[in-house]
Each structure stands twice: as C-alpha cells, then as structure tokens.
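These notes are about the structure you will find just below.
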Amino acid sequence: MKLNIAVLPGDGIGSEVTSQAVKVLKAIASEFNHNFKFTNADVGAIAIDKYNNPLPEKTLDLCRSTDAILFGAIGHPKYDNDPSAKVRPEQGLLRLRKELGLFANIRPVQAYEALLDKSPLKKHIIKGTDISIYRELTGGIYFGEKQLSKDGNVASDLCEYSRKEIERIAHLAFKAAQMRKHKVTLIDKANVLETSRLWRKVVAEIAEDYKDVILDFLFVDNAAMQMILNPKQFDVILTENMFGDIISDEASVIGGSIGLLASASIGEKYAMFEPIHGSFPQATGKGIANPVASILSAAMLLEHFGLFSEAELIRLGVDKSLKLNISTPDINTKYDNVTTGKVGEFIEDFINNPSDTNMN
Ligand code: IPM
Ligand code: MN
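Per our numbering, residue 978 is the first one in the sequence shown, and the count goes up by one each step.
Shown next as structure tokens:
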C-alpha cells in the first residue's frame, strides 16, 4: 500500500517520540512491502518561534494533501504561566482538529499484564481493564465563544453542542461496542448542564438502533471515582470534549504511565494519530520520554487503513519490550539506561525478525 504520512513532531519530546514511530513504520513498510512516504512540518511553539503562527498554512496544506498525520506533542512552559499570551501553541492543535474535522478521538486504555505492578492502583482492581474512550473533539467548551470583559475581571467560555455533533460520534461509539463487549457508558453532567441533557436524549435515541448494546449513563464526577474504583466495568466510554480530556488522563494511571496511551482522531476525510500525553518539557532532549504512545499511535494509523497484521506485529513488539523491561524510566525500575531510542530500536528489530528478538 502507498501512504503519504505527514509527520508533525511539535514541541518538547514530540520529535523524539515521533522519530521512533517513524522508525517502526519504516520497518513495517520494508517487511510488508509497503511504500510509506513521510513529510515533516512544524506546529505549536516551534512554529510560533519560526512563523509567529502555531499552525502555518504550509503545515495545514500538507495535512490536507496527505493520507494520514502522525502528531507528536504540543506546548511550551513559556506560555503556560502567561495568561496574556495572544498566540499559544495549543491553538495549533485545536485549529488542526477543527479544520480537518477530526470529531472523534479514540483513546484505548488497557492494563498490560507486564505492568500490573507499575500502576499505583491495586493489581486486582486494574487487571483485565480494556476501555475504549470516544471523546468528541471539535465541539463543546473548547470551541465555544470566549470572552473577557473590558476591565479583565469577568471571563466566559461557551459550551455548545448540536444534535448532529453528538450523533456522528455516538454512532461510532455504538459500532465500536458491537465489536467489543457491547456496552456504551455516556459520561456527562446531565444533572446540571443543558448540553449534557441533549447528549443523553440524542444518545438514548441512537441506542434504539443498536439493540445489542447496553447503554449506561454516569455523571462525570461519579465516573472519575468509578474509573479508579472499578475500571473493569467500562467497555466503550462516550463523552464530550473536556470530560474526555480529563477522564483519559485519569485512565492512563491504569496502564502505569501516560507515556503508553495512543489515540486516533478521525473525521469524514482526514485522520490523525497522536499520543494523549503532552510535550513533557522537563524531559526534552534527555532520551527518557516513552515512545510507546507514539508507536502505538502508528499502529492505530495502520489499522485505520486496514493493515491489521502490520499493526498486530507492532503491538507484539510493544508487549515484548514491556515484558523484557526494554522501557524508559517512567515504567522501568530494573534498568535505568533504556533510552527512547533503544525502545524504538528494539521494536524495529522485533519487526525485522519477530522470532529471534530475545533479550532474556
Ligand atoms: C490532549 C491535550 C490537548 C487537549 C491540549 C494540548 C490542547 O491535552 O490532546 O488531550 O486538551 O485536547
Ligand atoms: Mn489532554
């Protein structure tokens, strides 16, 4: 298969982790005889430094002309504590999602057997957890009108959702549940928010079309508690933009590190694949960032194009790296010298020679 892939490393550890994912994709291309072409472009703080624009038109044009986008991370501390900054790195990512219509962000969460001891949560609670979070990505409070009064003392962010925005992601969530454990949990705050009441109404209507799927509702405060009390109760989680952002970071604790969580952002025309983690500025350039989230995002990219055996081989490589402690310090208590690059190389070698990669 021929695929043009735009690589947007972004800020901080973004370039270190995406370069491992590219390494792995190249190994897949040569092993399975595919033709993957990679083109890099700037986004985020680095693009602000160069062009005073977190999403230069050139980058957007490239994304519109490729088959898929591999995204790294975004954010720089110099903007985080400056409330008056007019241009921010995050605007690059948000605009990209909006411009490309990437309305569904799918975030798989699982407890890896090899890492059950790495989570601060008890083993018996997390063992067997397998959740797929469907986070709405182009609506809600993230994109509603923002206002600051003239005197700078009152601010507002509008949270708005339309039936159509809810329907399109709800269908994806129900279809996913049909292939999994047949359960969708809608997370909202319907006891307080009008938008949440609309979500409940629309999602309940759609559930009628999916009789084999159980629909469950949870208020987000309770859901945050349930996520650590009993994460195994979840199959597919469906939720709006901001709740999905928060719940997925919380859920990453189950896996043992946020550095393991991949995601796919899907629209009608475009698809982007990105770790759920941020730019981890403290780790930049140190070779300690976990590349697995980026590598698994590459696996999701392959699945998106129906390349299931290829994706499976990457997942097997990741599993093996975890079992053998070929992992970065966030999850490695045995060896302290496994770098970002070493993890990538191990998985690359595994793809080239699945049977004889044995470091025991
Ligand atoms: C994420 C990130 C982004 C978000 C930020 C960087 C804007 O936290 O992808 O989860 O809030 O969506
Ligand atoms: Mn987030």
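Just so you know, even glycine gets a beta-carbon here, dropped at the ideal spot from N, CA and C.
Quantities reported herein were computed from a predicted structural model and do not represent experimental measurements.
V1180 is positioned such that its CB atom lies no closer than 8 Å to that of Y1111. The shortest CA-to-CA distance from G1121 to any of Q1068, E1171, D1134 and K1075 is the one to D1134.
For I990, the shortest C-beta to heavy atom distance toward the ligand IPM is 7 Å or greater. Distance from S1109 to R1157 at the Cβ level is roughly 7 Å; contact confirmed, criterion being Cβ atoms closer than 8 Å. Distance from the C-beta of I1253 to the nearest heavy atom of the ligand MN is below 7 Å.
N1309 sits in coil when the DSSP states are folded into three classes, being neither helix nor strand.
Of the candidates K1297, L1279 and S1298, the residue whose Cα lies closest to the Cα of I1005 is L1279. The criterion of a C-beta distance shorter than 8 Å is not satisfied by G1116 and I1051.
Contact between L1238 and A1270 holds, since their C-beta atoms are separated by about 5 Å, short of 8 Å. A Cβ-Cβ separation of about 13 Å leaves V984 out of contact with V1001 under the 8 Å criterion. Distance from the C-beta of D1212 to the nearest heavy atom of the ligand MN is not below 7 Å. Around the beta carbon of Q1259, fewer than 16 other beta carbons sit within 10 angstroms, so the residue counts as exposed. For secondary structure counted as the beta strand (DSSP E) over 3 or more consecutive residues, the region 1192-1265 holds these complete runs in sequence order: 1213-1216, 1241-1243 and 1248-1250. The Cβ-Cβ distance between I982 and F1013 falls below 8 Å. By the beta-carbon neighbour count (other beta carbons within 10 angstroms, threshold 16), K1100 is exposed. Ranked by how close their Cα comes to the Cα of I1023, the residues T1036, H1011 and T1016 have T1036 in first place.
In terms of CA proximity to L1114, R1084 leads the group R1084, P1097, K1152 and K1209. At a Cβ-Cβ threshold of 8 Å, V1161 and A1154 count as neighbours.
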